[in-house]
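Structure first, commentary second.
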Amino acid sequence: LTAYTPYQAEVSQATLKGIFDFQSMITQLTKMDVANASLYDGAHSLYESILMSSRINKKYKVGLVNSVNVDYLIILESNLTNFELKKDIDIESLNHEFSSIVIQVPDYFGNINIFDDFIKKAKQLDVMIILVTTEILSLGMLDLPDDIDVFVGEAQSIGISPSFGGPHLGFFSTKKKYIRQMPGRICGKTKD
Numbered sequence: 001l002t003a004y005t006p007y008q009a010e011v012s013q014a015t016l017k018g019i020f021d022f023q024s025m026i027t028q029l030t031k032m033d034v035a036n037a038s039l040y041d042g043a044h045s046l047y048e049s050i051l052m053s054s055r056i057n058k059k060y061k062v063g064l065v066n067s068v069n070v071d072y073l074i075i076l077e078s079n080l081t082n083f084e085l086k087k088d089i090d091i092e093s094l095n096h097e098f099s100s101i102v103i104q105v106p107d108y109f110g111n112i113n114i115f116d117d118f119i120k121k122a123k124q125l126d127v128m129i130i131l132v133t134t135e136i137l138s139l140g141m142l143d144l145p146d147d148i149d150v151f152v153g154e155a156q157s158i159g160i161s162p163s164f165g166g167p168h169l170g171f172f173s174t175k176k177k178y179i180r181q182m183p184g185r186i187c188g189k190t191k192d
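Taking this note's numbering, I'd label the letters of the sequence shown as residues 1 to 192.
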């Protein structure tokens, strides 16, 4: 009942099937090509997505477009000490120096705004677009853009018991062209 990866893949085909099903569900919800077998929580998924964007385009400036979850900000500020983290950027300040922009949907206060203008300008500047959510169930109601690069967030509410505040379940999905830069394990389907 978990998407956490086994240490020996040979041990359990059922676990691998569960991971494959989890990844398939995440790609359907996020409209992305690939998903990994999960990360510790949504905050670390966001952190890993920023690291991935930096590995891809060799830039270390990140723009937070709207109100990102406070817990996620703590993780980012604690771990991205070599990055320039710009909060609440406006569209005029977005330029080619940014590695990525982060848009939380819904934002920390529950507002739903996809920021199509930011996405269009980021595409023109070759800046990666990261969407993050703290509630995966919201994806069933939202009309998401097709041209984002990475979609990450928290998926605890789809099957992990609350357990006094944890454990959590971070999801990570992206385009197929970035599959070699993704953190974590990927289980695939093959023909024998």
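We treat Cβ as the ideally placed atom computed from N, Cα and C, and that holds for glycine.
Bear in mind that the values here come from a model prediction, so they are computed numbers and not experimental data.
Alpha-carbon spacing of residue i relative to residue j, whole angstroms
i, j, result
"residue 114", "residue 120", "11 Å"
"residue 34", "residue 90", "30 Å"
"residue 15", "residue 153", "22 Å"
"residue 22", "residue 145", "22 Å"
"residue 129", "residue 46", "12 Å"
"residue 189", "residue 80", "35 Å"
"residue 18", "residue 12", "10 Å"
"residue 59", "residue 24", "31 Å"
"residue 30", "residue 56", "21 Å"
"residue 179", "residue 92", "31 Å"
"residue 160", "residue 170", "11 Å"
"residue 156", "residue 54", "27 Å"
"residue 3", "residue 62", "Reliability fails at residue 3, whose pLDDT of 49 lies under 50, so the model's placement of it is uncertain and the value that follows must be treated cautiously. Roughly 29 Å separates the two Cα atoms."
"residue 135", "residue 83", "26 Å"
"residue 1", "residue 172", "Legend: pLDDT at residue 1 = 45, less than 50; position of this residue unreliable, value from coordinates given subsequently. For residue 1 and residue 172, the distance between alpha carbons rounds to 18 Å."
"residue 75", "residue 87", "14 Å"
Anticipated Cβ contact below 8 Å, residue i with residue j, distance rounded
i, j, result
"residue 94", "residue 125", "7 Å"
"residue 147", "residue 123", "6 Å"
"residue 97", "residue 85", "Wrong, their Cβ atoms sit about 13 Å apart, outside the cutoff."
"residue 70", "residue 118", "Actually they are not in contact, since the Cβ atoms of residue 70 and residue 118 sit about 21 Å apart, beyond 8 Å."
Neighbour-count burial assignment, residue i, 16 or more Cβ in a 10 Å radius
i, result
"residue 107", "buried"
"residue 26", "buried"
"residue 137", "exposed"
"residue 149", "buried"
"residue 168", "buried"
"residue 109", "exposed"
"residue 141", "exposed"
Subject >> Cβ contact check for the segment 37 to 55 and the segment 100 to 113: 3 or more pairs under 8 Å >> reply: yes
Original post:
Can you give, in chain order, each stretch of the beta strand (DSSP E) that sits fully within the segment 95 to 182 and has at least 3 residues?
Top reply: 100 to 104, 128 to 133, 150 to 154 and 170 to 174
Subject >> the segment 170 to 185 contacting the segment 25 to 43, beta-carbon criterion three pairs below 8 Å >> reply: yes
Original post:
Residue ranges of each alpha helix (DSSP H) run of no fewer than 4 residues wholly in the segment 21 to 84, ordered along the chain?
Top reply: Listed in chain order, they are 42 to 57 and 70 to 79.
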